[in-house]
Structures are given as structure tokens and as C-alpha cells.
Amino acid sequence: MDKGWCYVSCSHCAKKLQRTVASFTCLSCNNTNAVGVLRYRVEMSVADETGEALFVCFDEVLTKLHNIRAYEADHLLAGDSVNPEETHAPPFVTDMEGKTCTFQVRMSSYNFTANHQTFTISRILSERECEPQPAFVDDGGEDDNGDDNSGGISVAAKVKAGGISQAEGASDKMKKACKA
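Residues in the sequence shown are numbered from 1 upward in steps of one, following the UniProt record's numbering.
Printed below as a string of C-alpha cells:
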């Protein structure tokens, strides 16, 4: 986890805050005295024999999965007066490597630009949950041009112990998960 496990975000827009000596500044909200909230941001690398992808997991997904908010995890790890962005990730985050999980990933054209080649995890399913089925919309056309898909694309990958996963879907490629 070279890029850490959390960030200090704006309590209004959730964007990363800029730290100054005496306060936080939100460039998005143009607020020079922004209130900071600690949020999860964890990068996970997934690879197979054809390539590699970087998944990013944010606050809502990890909080739902572990039932503990980032600021609560920070208090358990370091306590007050320590910069959480400079601490080691909580054990329950680092222990995700090698566990069996199913990831639902959001993709758009944004993910395929030169500077943003990551995929955002929108959901981590437990072993008991069913995988989501793709939603299709009838656009009224009789053509077969693939434009009946509604909105984002989702890809599910199951990570098995030892870092190996079996992709669920059209390709059935073997995946390997490791720390980013």
C-alpha cells in the first residue's frame, strides 16, 4: 500500500483536503477552513496472464465490509496527534489480501485515460451474496450493436486464498491479487 490506506477529506464534498500549518483547505469547495473527515482509500492490484489492473476501494465500501469507519480504525491504531495518512493500514485492511471476495467494479471512459487507469470498487460481496446480474434497457432498435446496456459496466472477480482468483464472466481468466 504505497499510497496509504486513508486520506483527510472535506466533510462537504469528500474531496482530499490540502493541509496547511493551521487548517485544511478544500480546493473543490473553495473553503480555507474546511472540516476534515478521515476516509478510506485503498489500492489493490489484480493481475492475470494478459495484464494487470488497479482497483481502488473507497470509504463507503470498506466501512460497509468491516463495520468500522476510517477515523475509528485510526483511533484504534495510533490515537490522537498522529497523522493517520502516515500510519500503517489496519490489520483488517491488510488481511484482505488472499481472502475470498467478489468485487463489483465500476468502469467508464474515465478509467481508460492516460492518467486514470484504475477501476473503482463499487461493492465487495460476501460469499453468501449473489453476484449482480447486468441490467439491460431496450432502446427500441432491432440492431445488435450492444447499446442496450444501461450506464456503467460492472465486472466481478472472486479472489481466492493465496491471491488467486477466478473471474466470473465472459473471459474466465485467472486473476492474481496483490498489494499495490
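All residues carry an ideal CB built from backbone N, CA and C; glycine is no exception.
Inset, instruction - Quick one: using the 10 Å Cβ neighbour count with 16 as the cut-off for buried, is F24 buried or exposed? - result: Here the question's residue 24 lines up with position 24 in the sequence shown. Counting other Cβ atoms within 10 Å of its Cβ, F24 reaches 16 or more and is therefore classed as buried.
Inset, instruction - Flag this pair as yes or no: are the beta carbons of C6 and S28 separated by less than 8 angstroms? - result: Your numbering for residue 6 matches position 6 in the sequence shown. Your numbering for residue 28 matches position 28 in the sequence shown. Taking 8 angstroms as the Cβ cut-off, C6 and S28 do not qualify as a contacting pair.
Inset, instruction - Within its chain, find whatever has a CB closer than 8 angstroms to the CB of F119; leave out the 5 residues flanking it on each side and keep chain order. - result: As a first step, residue 119 is located in the sequence shown; it is residue number 119 there, counting from the start. So the qualifying residues of the chain are A53, L54, F55, V56, V105, R106, M107, N111, V155.
Inset, instruction - Pull up the distance between the alpha-carbon of Q117 and that of F58, whole angstroms please. - result: Here residue 117 corresponds to residue number 117 of the sequence shown, with the count starting at 1. Here residue 58 corresponds to residue number 58 of the sequence shown, with the count starting at 1. Between the alpha carbons of Q117 and F58 lies a distance of about 16 angstroms.
Inset, instruction - Would you mind sorting T113 into buried or exposed? The rule is 16 or more other CB atoms within 10 Å of its CB. - result: To locate residue 113, count along the sequence shown from 1; it is residue 113. Its Cβ having fewer than 16 others within 10 Å, T113 is exposed.
Inset, instruction - Please work out which residues of its chain come closer than 6 angstroms, Cβ to Cβ, to I153, disregarding the five sequence neighbours upstream and downstream, and give them in chain order. - result: Start at 1 with the first residue of the sequence shown, and residue 153 comes out as number 153. Note that I153 has pLDDT 46, beneath the 50 cutoff, so the model's placement of it is unreliable and no number is given.
Legend entry - Cut-off 6 angstroms between Cβ atoms - residues of its own chain near P91, not counting five sequence neighbours on either side: Mapped onto the sequence shown, residue 91 falls at position 91. Cβ neighbours of P91 beyond the five flanking positions: none.
Inset, instruction - Alpha carbon to alpha carbon, how far is C26 from T32? Give it in angstroms, no decimals. - result: Along the sequence shown, read from residue 1 onward, the residue named residue 32 stands at position 32. Along the sequence shown, read from residue 1 onward, the residue named residue 26 stands at position 26. The alpha-carbon separation between T32 and C26 amounts to approximately 6 angstroms.
Inset, instruction - Going by CA-CA distance only, name the one from N30, H88, N115 that's closest to R41. - result: To locate residue 41, count along the sequence shown from 1; it is residue 41. For the residues N30, H88, N115, the minimum Cα distance to R41 belongs to H88.
Inset, instruction - Evaluate L62 with the Cβ neighbour count: other Cβ atoms within 10 Å of its Cβ, from every protein chain shown; 16 or more gives buried, anything less gives exposed. - result: Within the sequence shown, numbered from 1, the residue matching residue 62 stands at position 62. When all chains shown are included, L62 counts as buried.
Legend entry - Contacts around D74, its chain only, beta-carbon distance under 6 angstroms, and the 5 residues preceding and following it disregarded: Taking the first residue of the sequence shown as position 1, residue 74 is located at position 74. For D74, same chain residues with a beta-carbon under 6 angstroms away, outside a window of 5 residues either side, are L38, P84 in chain order.
Inset, instruction - Would you grab the beta carbon distance between L17 and G4 for me? Rounded to a whole angstrom, and I think it's under 8 angstroms. - result: For this step, residue 17 is matched to residue 17 along the sequence shown. For this step, residue 4 is matched to residue 4 along the sequence shown. With a Cβ gap of about 14 angstroms, L17 and G4 do not count as contacting.
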